[in-house]
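Written out below as structure tokens is the structure these notes cover.
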Amino acid sequence: MEDDVKGEGNRRNFLIKLTSVVGGAGVAAACVPFVASMNPTSDVLAKAETEVDLSNIPPGGVHTVAWEGQPVFVLHRTPEDIAAAQASNGVIDPEPDAKRVIKPEWLVVIGVCTHMGCVPTKEGPGWTCHCHGSQYDDSGRVVRGPAPKNLAVPPYHFETANKIIIGKA
Amino acid sequence: MSTLLKIMLLGCLSISAFAEEAKLENIQVATDKPALARGAEDWMNNCHTCHTMKYVKYSDLLSLGIDKAKVDGWRGEASVDTPLIAQMSDADAMATFARVPPDLSLMAQARDGGPNYMYSYLIGYYLKPDGTTGNHIFPETKMPDPLGISSVAGAAQRTEMQNTAKSITSFLTWAADPHTTDRTRLGYYVIGYLIVLSGLLYVVKKQIWSRLK
Amino acid sequence: MSGPIINWIDKRFPLTSFVKHELTDYPTPRNLSYWWNFGFLAGIVLVLQVATGIFLAMHYKADSTLAFDSIQHIMREVNYGWLLRYMHATGASAFFFVIFVHMARTLYYGSFRAPRELLWWTGQGLLLMLMATAFMGYLLPWGQMSFWGATVITNLFKVTPFIGENVVIWLRGDYSVGDDTLTRFFSLHYLFPFLIIGAVIVHLVALHTVKSSNPSGIDLKDKDNIPFHPYFTAKDLYGLGIFLIVYSVFVFFMPNSLIEPANNIPANPMVTPSHIVPEWYFLPFYAILRSVPNMFGGVVAMALSVMMFAFMPFLDRSRIPGGARYRPIYRIQFYLFLLDMLVLGYVGYKPPTNPSIVVVGQVATLCYFASFFVVPFVSKIEERWLIKRGLPAGIMELMEREKRDLENRTQEHRRRKGDLV
Numbered sequence: 003m004e005d006d007v008k009g010e011g012n013r014r015n016f017l018i019k020l021t022s023v024v025g026g027a028g029v030a031a032a033c034v035p036f037v038a039s040m041n042p043t044s045d046v047l048a049k050a051e052t053e054v055d056l057s058n059i060p061p062g063g064v065h066t067v068a069w070e071g072q073p074v075f076v077l078h079r080t081p082e083d084i085a086a087a088q089a090s091n092g093v094i095d096p097e098p099d100a101k102r103v104i105k106p107e108w109l110v111v112i113g114v115c116t117h118m119g120c121v122p123t124k125e126g127p128g129w130t131c132h133c134h135g136s137q138y139d140d141s142g143r144v145v146r147g148p149a150p151k152n153l154a155v156p157p158y159h160f161e162t163a164n165k166i167i168i169g170k171a
Numbered sequence: 263m264s265t266l267l268k269i270m271l272l273g274c275l276s277i278s279a280f281a282e283e284a285k286l287e288n289i290q291v292a293t294d295k296p297a298l299a300r301g302a303e304d305w306m307n308n309c310h311t312c313h314t315m316k317y318v319k320y321s322d323l324l325s326l327g328i329d330k331a332k333v334d335g336w337r338g339e340a341s342v343d344t345p346l347i348a349q350m351s352d353a354d355a356m357a358t359f360a361r362v363p364p365d366l367s368l369m370a371q372a373r374d375g376g377p378n379y380m381y382s383y384l385i386g387y388y389l390k391p392d393g394t395t396g397n398h399i400f401p402e403t404k405m406p407d408p409l410g411i412s413s414v415a416g417a418a419q420r421t422e423m424q425n426t427a428k429s430i431t432s433f434l435t436w437a438a439d440p441h442t443t444d445r446t447r448l449g450y451y452v453i454g455y456l457i458v459l460s461g462l463l464y465v466v467k468k469q470i471w472s473r474l475k
Numbered sequence: 292m293s294g295p296i297i298n299w300i301d302k303r304f305p306l307t308s309f310v311k312h313e314l315t316d317y318p319t320p321r322n323l324s325y326w327w328n329f330g331f332l333a334g335i336v337l338v339l340q341v342a343t344g345i346f347l348a349m350h351y352k353a354d355s356t357l358a359f360d361s362i363q364h365i366m367r368e369v370n371y372g373w374l375l376r377y378m379h380a381t382g383a384s385a386f387f388f389v390i391f392v393h394m395a396r397t398l399y400y401g402s403f404r405a406p407r408e409l410l411w412w413t414g415q416g417l418l419l420m421l422m423a424t425a426f427m428g429y430l431l432p433w434g435q436m437s438f439w440g441a442t443v444i445t446n447l448f449k450v451t452p453f454i455g456e457n458v459v460i461w462l463r464g465d466y467s468v469g470d471d472t473l474t475r476f477f478s479l480h481y482l483f484p485f486l487i488i489g490a491v492i493v494h495l496v497a498l499h500t501v502k503s504s505n506p507s508g509i510d511l512k513d514k515d516n517i518p519f520h521p522y523f524t525a526k527d528l529y530g531l532g533i534f535l536i537v538y539s540v541f542v543f544f545m546p547n548s549l550i551e552p553a554n555n556i557p558a559n560p561m562v563t564p565s566h567i568v569p570e571w572y573f574l575p576f577y578a579i580l581r582s583v584p585n586m587f588g589g590v591v592a593m594a595l596s597v598m599m600f601a602f603m604p605f606l607d608r609s610r611i612p613g614g615a616r617y618r619p620i621y622r623i624q625f626y627l628f629l630l631d632m633l634v635l636g637y638v639g640y641k642p643p644t645n646p647s648i649v650v651v652g653q654v655a656t657l658c659y660f661a662s663f664f665v666v667p668f669v670s671k672i673e674e675r676w677l678i679k680r681g682l683p684a685g686i687m688e689l690m691e692r693e694k695r696d697l698e699n700r701t702q703e704h705r706r707r708k709g710d711l712v
């Protein structure tokens, strides 16, 4: 049979190759809807914005709100907190406090430890993660490992002086 | 012999079956966004008081290109992700009509005849001699003539109402299956591709089989 | 097919020899027509149904309060959910269409005859499993037709002697079709396809033991067989292309033509739709159920109508090889049977309130069973008539040879048994 193929020249080989490529592309394209169906659905994506009313968070108080299914800490910092936060640049992942806030009184960070994804607890100044002992300061910067990075700052903006929208910068 | 009898019987029956069916107007529903946006507006004005569409959200109306201010006006305090819930409560509806008006999300697919049924029903109201309204398509209906087509005199006004009915029907047809446009567009590509592939496979098959004597 | 990896595997698992024996070198009659494509197509549809089903199950919720909503969630919010669902719904119809053609081909060409009885019976088992799977899947959207279809069909088991009522309640897990019925149907609807895959493997082993039949109805000599690959892989793939075009027309342009409008209304146990019809592929059997005025008789007749096919190897007693090709009377019988199926399908679709429809249904039901019961007599009479009229010399010769072969086989069988003893 193989001899037959050679005997009939290259045209057939080319045709079979072309058909295989076209057919293979079709099979690959047919996989797209299946893979895509596992991505977040449109109603999940629609929940990508969370409104937070700041007026009932007292100075020193912290509120935890859900954004994209994750906890976001909204901390109302006192002048002392701000001063302490601005005094250092953090240890493990240095970053000035000014780059992490829009208004110094309000710290908004995603409450997911950058080590293994546990939710840190507010303890004294800053947060402690009880899974593996990482510590963060009142700017959400990691001050003790094993966490490698500072708590992430989600995109957000001030809709009014007392209302922020998390999810859109 | 019995087969012959059966065929004859069948012929007679299918003729009578056709005669029984209520005559529905055939319409071509619109699928372009401006027409659907108009339909949504007509629906909000004429149907939303009593009817819910639990699978359609205010954000879906925005996706039709309706002005954000208008949608904000309709939704009031509700978030854009809430479905279009009837303004009238179920209890009030029960008190008034003795039944809760049905959800309209899938109505365009839930009746034999689909959009044609819906359109014919909307314009099927007429004035009875006793002053009440009746409907040619669905005589038992509890819904009062929503467009007021039964009491219209002029032809121009009637045409206008038919247009409203058509536009509402188009909107409901879209709402029942919002991906129709995507689906048919993808369908043309898929079938085009399959025709090319089948052509290639046919040639391959012919060439391979030509090896046999 | 060489290379160190293949060598490594071949020392531990008969990969190359298996592929060679069952696929590349598998001897296939060269005269197979396109009617022989449908077995392959059924396999492809099975794969499509399993694939779309698994992905749909990631979003579907088998709970009577959530099921209908979750279908709409799939249709509206899941990425390409509408495509998966329409493929799955259309695929069910495609599956039955392909299987019906596959069966009709078997009946027409007499492929069920010796030595292919077991092949035919495994196919019969597959048909029953397919019907069960389709029926249970139809409940899952939890629409009005789903609900009332499941109610009617589970009620069929009321005819079980003595414990009928209990059987129905056991099947449903409730006094009426309810949440527990839905969850168990979902569980079994997910399980059955894998049983079907297992049964398909048995079907294929049986096929590869007795090899394919062919349009001539005569088992071909070795020189008339060609390797499956590349000849039939090419032919099957071309057929698949054509099939997919038709399938896509339904999926993309008329997906709702196969979904009853009433199934777009959520299930309501308090109101039965004015006209319940099963899916088109159950219509002939449904018509038979309704045609028998007695409930027990109706259920038995319906069960029997599906099972009748299994008796065909016994009923067809003609020694003339093949099916309809050399047998004009059998051919007429076959077409009349198809016509009767269509009539029954039409009757099943129409509401039973029309008395003339009922009569037509009863006549067609009688014709349905009669067309099986007359086969032994007609096939014998036909054989005598054809021999008297004179068959082509080749055919007579073949009949003689087949007879000899059969005798040799039985003798050898006896001898071997004797050896063992």
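Taken in sequence, the protein lines are chains W, P and A. Each number in our numbering corresponds to the 1-based position in the first sequence with 2 added. Each number in our numbering corresponds to the 1-based position in the second sequence with 262 added. Each number in our numbering corresponds to the 1-based position in the third sequence with 291 added. Glycine included, C-beta positions come from ideal geometry on N, C-alpha and C.
query	result
Local Cβ density within 10 Å of A:D445, reported as buried at 16 or more and exposed below that	The identity of residue 445 of chain A in the sequence shown is Thr, whereas the question assumes Asp. Per the 10 Å Cβ criterion, buried.
At least 3 beta-carbon pairs within less than 8 Å: the region 401–414 of chain A vs the region 341–355 of chain A	no
Interfacial residues, the region 47–66 of chain W to chain P, with Cβ spacing under 8 Å	A48, K49
Cβ neighbour criterion (16 or more within 10 Å) applied to P:Q371	buried
Chain W contact residues for P:S460, given Cβ-Cβ distances below 9 Å	Near P:S460 there are no residues of chain W at all, since even the closest Cβ is about 10 Å away, more than 9 Å.
Contact set between W:L20 and chain P, taken where Cβ atoms lie within less than 8 Å	L462
8 Å Cβ cutoff met for A:L410 and A:V501	yes
Cβ neighbours of P:Q424 in the same chain (closer than 7 Å, five flanking residues each side left out)	I385
For W:K165 and W:L56, believed in contact at Cβ under 8 Å, the rounded distance	6 Å
Helix, strand or coil at P:D334 according to DSSP, with G and I counted as helix	helix
Simplified DSSP state of A:Y617, which is helix, strand or coil	coil
Simplified DSSP assignment, three categories, for A:P642	coil
Residue from A:G414, A:M420, A:Q702, A:V369 with nearest C-alpha to A:R480	A small correction: the amino acid at residue 480 of chain A is His; Arg does not occupy that position in the sequence shown. The candidate whose alpha carbon is nearest that of A:H480 is A:M420.
Cβ neighbours of W:D5 in the same chain (closer than 8 Å, five flanking residues each side left out)	The pLDDT assigned to W:D5 is 45, lower than 50, so where the model puts this residue is not dependable, and the model offers no usable value.
For W:L77 and W:L47, believed in contact at Cβ under 8 Å, the rounded distance	In fact, because the Cβ distance is near 28 Å, the residues do not count as touching under 8 Å.
C-alpha gap between A:F534 and A:F329, whole angstroms	10 Å
is_contact[W:L109, chain P] using C-beta, thresh 8 Å	no
Chain-ordered residues of the region 367–387 of chain A with a beta carbon less than 8 Å from chain P	R367, W373, L374, Y377
Span of the alpha helix (DSSP H), counted from its first residue to its last, around P:N378	376–384
One or two residues paired with A:N516 in a DSSP bridge	A:P320
Local conformation of A:M603 per DSSP, three classes	helix
With 16 other Cβ atoms within 10 Å as the buried cut-off, status of A:K302	exposed
Rounded separation between W:T123 and W:Y138 - CA only	10 Å
Positions along the region 315–346 of chain P whose CB lies within less than 7 Å of some CB in chain W	S321, D343
Cut-off 6 Å between Cβ atoms - residues of its own chain near A:Y377, not counting five sequence neighbours on either side	V542, P546
Cβ-based contacts, 8 Å cut-off: residues of the region 346–358 of chain A near chain W	F346, M349, H350
Inter-residue Cα distance where the pair is A:Y466 and A:A558	16 Å
Neighbour list for W:N15 in chain A, Cβ cutoff strictly below 8 Å	Ordered by position in chain A, no residue passes the 8 Å Cβ test against W:N15, which lies about 12 Å from the chain.
Backbone CA spacing between W:D99 and P:S341 [nearest angstrom]	34 Å
Under 8 Å between C-beta atoms of A:F663 and A:M599	yes
Identified DSSP bridge partners for A:V540	Its beta-bridge partners do not exist; DSSP assigns none.
Distance, A:L531 Cα to P:P408 Cα	51 Å
Residue burial classification, A:I296 (beta-carbon count within 10 angstroms, cutoff 16)	exposed
Partners in chain A for P:R373, counting only beta-carbon separations shorter than 8 Å	P552
Short Cβ contact (8 Å threshold) for A:R321 with A:D515	yes
Beta-carbon contacts of A:I460 that lie in its chain and below 7 Å, excluding the five residues immediately before and after	Y466
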